[in-house]
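**Q** In the numbering used here, the protein residues as written are 2 to 521. Dropping a structure here in structure tokens format, bear with me for questions.
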């Protein structure tokens, strides 16, 4: 082989290796993007610019040096910084704001947040490097730092990325029109997904005239007194239904993995997420039509195609008759009675935050949110501790609304300290605490099954005094106050409007209303 060819190949290989190494080490990038070593600017400013471009109004935080540049930069741009007493509360508050306005979540490495000269001090070796290896390491660190800041302050596009939302096809909608038009006893199970923009489904439901069971944030979608909103005896209704429409509802443990669905029923399932759409299908249930698409827009298109058609009126009427339930308790206040009284007094613009087990489970059946996305709960797995954060986020998004937290006495322990946050940030809310001195949702199964109440017992703690100490106003309410409940609740609403965060420590008794509920 000609030596010139060999040399040429060798030189080409060496040159290619150099170019590849330069690319990997960022040297080529640094040729075209300047590193401004004297600039006082920092990464927190870039984060704040992006957040503002995305319309973010609030940043929730538990303060720390690792995020100080973000907080300071956001404050300068007019983004409100809301500091909480627990970092979990900050996350839950951001979650609530995301549900009510739109989500933004960020994660950022600390070494790009501070100005160049501050980070350089941390990167610099403590002593002058000795030997070849020491000098190589020092050069590598300096080059890495230059890569981090190269082109950092160049103008770039900060606008939000487009969001792709799947939709049902015309053929799928038409097939569902045919199924619904033939159904005599149809039922709709609504999930939180049906409230998502751009097409919430509330307008379509009244037009369809189909009885609905509302779950998650879809509670309130039919208002306070709709004859189509059915709250009790769902299992029995599903056994009798000849068509079930799962609008953003998932066949997980809440529907016994699909086993509660009648195998003779026609099943229409609509969900944006295909894995959720078909969860446990062909094991315990099988969809007649499965549509990967937006539930809200699907229901609107379905109602337009079925204009003038309504299911037989005796069907929703018969289901509605099962909603009247009365329970008695021997000691303390009847929790169902307390919840009914609060429900009657709720303002039309109120938002209900659910944080608990047994008491909250009862509230889900009794309290009637006045509109869509006016019920905020943690979702399928019942995460405890969301109350303080959800209420904080909701009050900031909707300052004119009356925000109620329905707490179990167990879950209250997670975020009662946020009464300090409510006071400092002038975000008055009302906390209704069902205090039965017990983790009742667990105890109900544990005691008959295992014969012990171990770890389930609490005390009738003076939570109202805790609220007083954090700058709020607390009330202790017992059976002797039963005749005055309305007056106490109205006084709490008045004081909340005047700027006080209120905690109602309601001593409640036991009922059998929740027997058979799932506890995990």
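All residues carry an ideal CB built from backbone N, CA and C; glycine is no exception. Every value quoted in this text rests on a predicted model; they were computed, and no experiment measured them.
Could you pull the start and end residues of the beta strand (DSSP E) that residue 62 belongs to?
**A** For this step, residue 62 is matched to residue 61 along the chain shown. Residue 62 -> beta strand (DSSP E) spans 59-62.
**Q** Cβ of residue 367 within 8 Å of Cβ of residue 333?
**A** Walking along the chain shown from the start, residue 367 turns up at place 366. Walking along the chain shown from the start, residue 333 turns up at place 332. It is not a contact, given that the beta carbons lie outside the stated cut-off.
**Q** Starting from the Cα of residue 197, find the closest Cα among 60, 222 and 186 and give me that residue.
**A** Against the chain shown, residue 197 aligns to sequence position 196. Minimum Cα distance to residue 197 is reached at 222.
**Q** Could you tell me if residue 124 is buried or exposed, where buried requires 16 or more neighbouring beta carbons within 10 angstroms of its beta carbon?
**A** Numbered from its first residue, the chain shown carries residue 124 at position 123. So residue 124 ends up on the exposed side.
**Q** Give the C-beta separation of residue 101 and residue 374 to the nearest angstrom, bearing in mind that I take them to be a contact with Cβ-Cβ under 8 Å.
**A** Position 100 of the chain shown, counting from 1, holds the residue named residue 101. Position 373 of the chain shown, counting from 1, holds the residue named residue 374. Yes, they are in contact, since the Cβ atoms of residue 101 and residue 374 sit about 6 Å apart, within 8 Å.
**Q** Residue 327: buried (16+ other C-beta within 10 angstroms of its C-beta) or exposed?
**A** Sequence index remark: in the chain shown, residue 327 carries index 326 (1-based). The predicted model places residue 327 with a pLDDT of 46, which falls under 50 and marks its position as unreliable; any figure quoted below should be read in that light. With fewer than 16 other Cβ atoms within 10 Å, it is exposed.
**Q** Return the CA-CA distance between residue 495 and residue 482, expressed in angstroms with no decimal places.
**A** Locating residue 495 in the chain shown gives position 494, counting from the first residue. Locating residue 482 in the chain shown gives position 481, counting from the first residue. Their backbone Cα atoms lie some 19 Å apart in a straight line.
**Q** Could you tell me whether the Cβ atoms of residue 420 and residue 471 are closer together than 8 Å?
**A** What you label residue 420 is simply residue 419 of the chain shown in a count that begins at 1. What you label residue 471 is simply residue 470 of the chain shown in a count that begins at 1. Yes, the pair counts as a contact, with Cβ atoms nearer than the cut-off.
**Q** Can you tell which of 95, 313 and 503 has the C-alpha that lies nearest to the C-alpha of residue 186?
**A** What you label residue 186 is simply residue 185 of the chain shown in a count that begins at 1. With distances taken between Cα atoms, residue 186 lies closest to 313.
**Q** Under the rule that 16 or more other beta-carbon atoms within 10 Å means buried, what is residue 408, buried or exposed?
**A** As a working note, residue 408 is residue 407 in the chain shown. Label assigned to residue 408: buried.
**Q** Give the C-beta separation of residue 353 and residue 405 to the nearest angstrom, bearing in mind that I take them to be a contact with Cβ-Cβ under 8 Å.
**A** As a working note, residue 353 is residue 352 in the chain shown. As a working note, residue 405 is residue 404 in the chain shown. Yes, they are in contact, since the Cβ atoms of residue 353 and residue 405 sit about 5 Å apart, within 8 Å.
**Q** What are the boundary residues of the alpha helix (DSSP H) that residue 309 is part of?
**A** If you number the chain shown from 1, residue 309 lands on position 308. Where residue 309 is concerned, there is no enclosing alpha helix (DSSP H), given that its DSSP letter is neither H nor E.
**Q** Please work out which residues of its chain come closer than 8 Å, Cβ to Cβ, to residue 174, disregarding the five sequence neighbours upstream and downstream, and give them in chain order.
**A** The sequence position of residue 174 within the chain shown is 173, counting from 1. Answer for residue 174: 299, 302, 303 and 306, listed in chain order.
**Q** What does the Cβ neighbour count give for residue 25, buried or exposed, with the cut at 16 atoms within 10 Å?
**A** For the purposes of this step, residue 25 is taken as the residue at position 24 of the chain shown. Per the 10 Å Cβ criterion, exposed.
**Q** Can you have a look at residue 318 and say buried or exposed, based on whether 16 or more other CB atoms are within 10 angstroms of its CB?
**A** Taking the chain shown and counting its residues from 1, the one referred to as residue 318 is at position 317. With fewer than 16 Cβ atoms within 10 Å of its Cβ, residue 318 is classed as exposed.
**Q** DSSP on residue 19, reduced to helix/strand/coil?
**A** Walking along the chain shown from the start, residue 19 turns up at place 18. If DSSP states are grouped into helix, strand and coil, residue 19 belongs with the helices.
**Q** DSSP state of residue 83, grouped into three classes?
**A** Here residue 83 corresponds to residue number 82 of the chain shown, with the count starting at 1. Strand.
**Q** Could you tell me which whole beta strand (DSSP E) segments of length 3 or greater appear in the region 465-518?
**A** Taking only runs of at least 3 residues, the beta strand (DSSP E) segments lying wholly in the region 465-518 are 474-478 and 503-508.
**Q** Whose C-beta lies closer than 6 Å to the C-beta of residue 117 among residues of the same chain, with five residues either side of it excluded?
**A** Taking the chain shown and counting its residues from 1, one reaches residue 117 at position 116. Cβ within range, chain order: 38 and 150.
**Q** Within the same chain, show all residues whose beta-carbon is closer than 6 Å to that of residue 432, passing over the 5 residues directly before and after it, in chain order.
**A** As a working note, residue 432 is residue 431 in the chain shown. For residue 432, where only same-chain residues beyond five positions count, the Cβ hits under 6 Å are 406, 408 and 504.
**Q** Residues in its own chain within less than 7 Å of residue 61 by CB, not counting five upstream and five downstream?
**A** Stepping through the chain shown from its first residue, residue 61 is reached at position 60. Closer than 7 Å at Cβ, skipping near neighbours: 83, 85, 91, 94 and 95.
**Q** If you pair each beta-carbon of the region 248-260 with each one of the region 272-289, do three or more pairs fall below 8 Å?
**A** Output reads yes: the region 272-289 touches the region 248-260.
**Q** Using C-beta distances below 6 Å, list every residue in its chain close to residue 210, excluding the 5 sequence neighbours before and after it, in chain order.
**A** The residue given as residue 210 occupies position 209 in the chain shown. Excluding sequence neighbours, residue 210 sits near 311 and 312.
**Q** Would you mind reading off the limits of the alpha helix (DSSP H) that contains residue 175?
**A** Counting from one through the chain shown, the residue named residue 175 turns up at place 174. 171-183 is the span of the alpha helix (DSSP H), which, as asked, contains residue 175.
**Q** From which residue to which residue does the alpha helix (DSSP H) around residue 137 run?
**A** Stepping through the chain shown from its first residue, residue 137 is reached at position 136. Note, residue 137: alpha helix (DSSP H), 132-150.
**Q** Beta-carbon separation of residue 438 and residue 460 under 8 Å?
**A** Looking up residue 438 in the chain shown gives position 437. Looking up residue 460 in the chain shown gives position 459. For residue 438 and residue 460, yes; Cβs fall inside 8 Å.
**Q** Measure the beta-carbon distance from residue 287 to residue 263 and round it to whole angstroms, keeping in mind my assumption that it falls under 8 Å.
**A** Taking the chain shown and counting its residues from 1, the one referred to as residue 287 is at position 286. Taking the chain shown and counting its residues from 1, the one referred to as residue 263 is at position 262. In fact, because the Cβ distance is near 12 Å, the residues do not count as touching under 8 Å.
**Q** Let me know if residue 165 comes out buried or exposed under the rule of 16 or more other beta-carbons within 10 Å of its beta-carbon.
**A** On the chain shown, residue 165 is found 164 positions in, with the first residue counted as 1. Exposed: under 16 other Cβ atoms inside 10 Å.
**Q** Could you check how far apart the C-beta atoms of residue 98 and residue 397 are, in whole angstroms? I think they sit under 8 Å.
**A** Here residue 98 is taken as the residue at index 97 of the chain shown, counted from 1. Here residue 397 is taken as the residue at index 396 of the chain shown, counted from 1. That belief holds up - the Cβ atoms of residue 98 and residue 397 are roughly 7 Å apart, short of 8 Å.
**Q** Tell me the residue span of the beta strand (DSSP E) that contains residue 433.
**A** One-based indexing of the chain shown puts residue 433 at position 432. Here the beta strand (DSSP E) through residue 433 covers 431-436.
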